[in-house]
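*Asks:* Each protein sequence line maps, in turn, to chains A and B. Residues in the first sequence are numbered consecutively from 3, following the numbering used here. Residues in the second sequence are numbered consecutively from -6, following the numbering used here. We put the CB at the ideal spot given by N, CA and C, even for glycine. Have a look at this one before I ask anything.
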Amino acid sequence: MSTHINDTADLQAISRKRDVRRKTIPALAQAGPVSVWMILFVTLPMLFIIYISFMSRGVFGDVVYEFSTESYQTLLDATYFKVILKSLQVALFTTVLCLLLGYPFAYYIARKPPETASRLIMLIMIPFWTNSLMRLNSWLLLFQTSGPVNNFLQWAGIVDAPITFVYTDGLVVLGMITNMLPFAVLPLYSSIEKLQKSLLEASSDLGATPRETFFRVTLPLTFPGIFSAVILVFIPSLGIYTVSDMLGGGKVLYIGNIIKNQFGAIRNWPLGAALSVLLLVITGALIFLYTRFAKLEDMEVV
Amino acid sequence: MANLTKVQRRRKTLGVLGDLYAILIYTVLYIPVVVMMIFSFNDQRYNYYWSGFTTQWYGKLFGNHALMDSLWYSIVIAVLATVISVVVGTLGALGLKRYEFRMKKFINGMIFIPIIVPEIVLAVALLIIFMNVGFALGMGSILIGHCTFCIPYAVVTIKGRISGDGNTLEEASMDLGANRIQTFCRVTLPSIMPGVMSAAFLSFTLSIDDVVMSNMLSGAKNTTLPVLILSMNKSGVTPDVNALTTIMILVIVACMLLSNAVKAALRKRSQAA
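Structural data, given as structure tokens:
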């Protein structure tokens, strides 16, 4: 009897050992590096930035390690609050326009045969392999006060004097939209492409007009794609500072520019951290909404 | 009958409208690239307006040391970031797809953070950590920053290519006497190769075009090409940068076409065999 128990114990020990060899070691070797990297360079920095946001700024731009909500109160000051509102506005406007422009475009591509569609998608990607700052710089060149667009407008007699486009919010928004459009088109395309044609046919067979079919079948079924597009356009637009730097010439300031400045010349880390936490909270809220009706893993990010 | 032609006519008009719309969108997407290329031939030191055709910048750009140094710096970082991201990403994708472990859900969540959260937040967070532990800013810090957003993209790209049918092929290979490393090189890797290749391409393009991370994490001395361009913006980007970017995009597109041609040829061969 006792040997029998010993046998099972031995067997268990052996199988545990085999499990370690067969599963634990490869699992550690494979998932280990990525886990360590993510914890060291994502989790820790994120926790630390939240911590810093509750500290305060010393006289010489150093961080005073004492709990305070000073930075968050500063965010409510008129100057900063205005910047936050304006950034939200611009990001929202960019998102809506990218959706309105991107949806018909994605629909157009998704209705093409697969070979053509993948070529058309490739054609969207190619411009984005050009340095993004140089593409923005092109808009600046086109819209200079003495640039081609103003020359044309004057030549055509549409305006008498050149219009100042450069360093305005309008040009920044144009830059945003052209930079963000693919991030709207790609998720929209993949959700429209998955849409089964039979459902649309059924809808029209049952007497729905094309318009009814669109609003009651197509649009609801492609909603996950629409929401992915919203996330992939709205969140980056909210934090981006390169577009406003290139096209706004330092005169157009959004949240991203303010954060950057706090870690540069101005040196107010807690304030910059508090603004970053604000961006994190907005991102978190949108992601939470998204997970209510779709799985995060299904989001088409690439 | 008349009704049918009406529907057909309507479809045709919609088709033409669709084509026109697509052409319009593509035009808007390509205008910046074309303008960028045109201005690389601009005969003026400061690229504000057009003042005549020249090809001098294509020769002169190699004499611009600041530009060449930053290009080299960018390329070295992009290559290293690609190698690290692809290795960590490939292993990670396999591990996260095939094994169950306690932290799995948490790690999967962490992977989405660099993809979704605005880059400036991650850059600033890394900067604070580096400053606090006294890690000197420079190539190392930029490299870590780039890998931190390239690895997640690599994991997601490769994970999509791993088949859902478990590791039956691997088990067969091991039963037939191959060891774990042989199995990985001869069975696992070839099956996910397309994903690994697109992850490499994505990592390289993300790294070489990155501004935000490099700008926050570069030290006082050297910097990457995009950061140099950003700093030129106030005084005007000079045409030699346009020339360099034109060459770069042509090289990238050529590589793309070449790799597509090779892929097509390989497919043909495997079909013939």
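1. Could you name the residues of the same chain whose beta carbon sits closer than 7 Å to that of B:Asp203, not counting the 5 residues immediately before and after it, in chain order?
2. Pick out whichever of A:Thr293, A:Met248, A:Val219 and A:Leu87 has its Cα sitting closest to the Cα of A:Asn181.
3. Quick one: residues in its chain with C-beta nearer than 8 Å to the C-beta of B:Met(-6), no 5 flanking neighbours on either side, listed in chain order?
4. Tell me where the alpha helix (DSSP H) around B:Asp168 begins and ends.
5. If we count the other Cβ atoms within 10 Å of its Cβ and call it buried at 16 or more, is B:Cys143 buried or exposed?
6. From the DSSP output, which residues share a beta bridge with B:Asn35?
7. Are the region 170 to 181 of chain A and the region 191 to 211 of chain A touching, with three or more C-beta to C-beta distances below 8 Å?
8. Flag this pair as yes or no: are the beta carbons of B:Leu87 and B:Gly212 separated by less than 8 Å?
9. Just to check my reading of the structure: B:Val205 and B:Ala59 have Cβ atoms closer than 8 Å, yes? What is that Cβ distance to the nearest angstrom?
10. Mind checking the region 227 to 246 of chain B against chain A and listing, in chain order, the residues whose C-beta falls within less than 8 Å of any C-beta there?
11. Does A:Asp12 pass the burial test, meaning 16 or more other C-beta atoms within 10 Å, or should it be called exposed?
12. Please list the partners that A:Asp247 has in chain B, where partner means a Cβ-to-Cβ separation under 8 Å.
13. Just the chain B side, please: which residues come within less than 8 Å of A:Phe305 by C-beta, in chain order?
14. Can you check DSSP and say which residues form a bridge with A:Arg59?
15. Anything in chain A within Cβ reach of B:Tyr19, meaning under 7 Å, just list it in chain order.
16. Against B:Asn40, what residues of chain C qualify as contacts under a CB-to-CB distance less than 7 Å, listed in chain order?
17. Could you please tell me which residues of the region 85 to 101 of chain B, in chain order, have their CB closer than 7 Å to any CB of chain A?
18. Going residue by residue through the region 184 to 236 of chain B, where are the continuous alpha helix (DSSP H) segments of at least 4 residues, counting only ones entirely within it?
19. Mapping the DSSP letters down to three states, classify B:Phe94 as helix, strand or coil.
20. Put B:Pro111 into one of helix, strand or coil per three-state DSSP.
21. Note down, in chain order, all residues in the region 194 to 216 of chain B with a beta-carbon under 9 Å from any beta-carbon belonging to chain A.
22. Taking buried to mean at least 16 other C-beta atoms within 10 Å of its own C-beta, is B:Leu251 buried or exposed?
23. Between which two residues does the alpha helix (DSSP H) containing A:Ala112 stretch?
24. Quick check: what's the CA-CA separation for A:Asn152 versus A:Phe236?
25. Can you tell me which of B:Leu13, B:Arg173, B:Ile104 and B:Leu237 puts its alpha carbon nearest to the alpha carbon of A:Ile328?
*Replies:* Taking the definition as stated:
1. His139 and Pro219
2. A:Met248
3. Summary for B:Met(-6): the model assigns pLDDT 49, below 50, so the residue's position carries little reliability; its value from the coordinates is reported in the next sentence. Around B:Met(-6): no qualifying Cβ.
4. Thr161 to Asp168
5. buried
6. B:Phe46
7. no
8. no
9. Actually they do not touch by this definition, with Cβ atoms about 21 Å apart.
10. Lys227, Val230, Val234, Asn235, Thr238, Met241, Ile242, Ile245 and Val246
11. exposed
12. Leu223 and Asn226
13. Summary: the structure shown does not reach residue 305 of chain A, with chain A confined to residues 3 through 304, and so no result is reported for it.
14. A:Val65
15. Leu125
16. In the structure shown, chain C does not exist; the protein chains are A and B.
17. Gly85, Leu87, Gly88, Leu89, Tyr92, Phe94, Met96 and Ile100
18. 205 to 210 and 218 to 225
19. coil
20. coil
21. Leu195, Thr198, Ile201, Asp202, Val204, Val205, Asn208 and Met209
22. exposed
23. Ala80 to Ala112
24. 31 Å
25. With chain A represented from 3 up to 304, any question about residue 328 of chain A goes unanswered, as that position is not in the structure.
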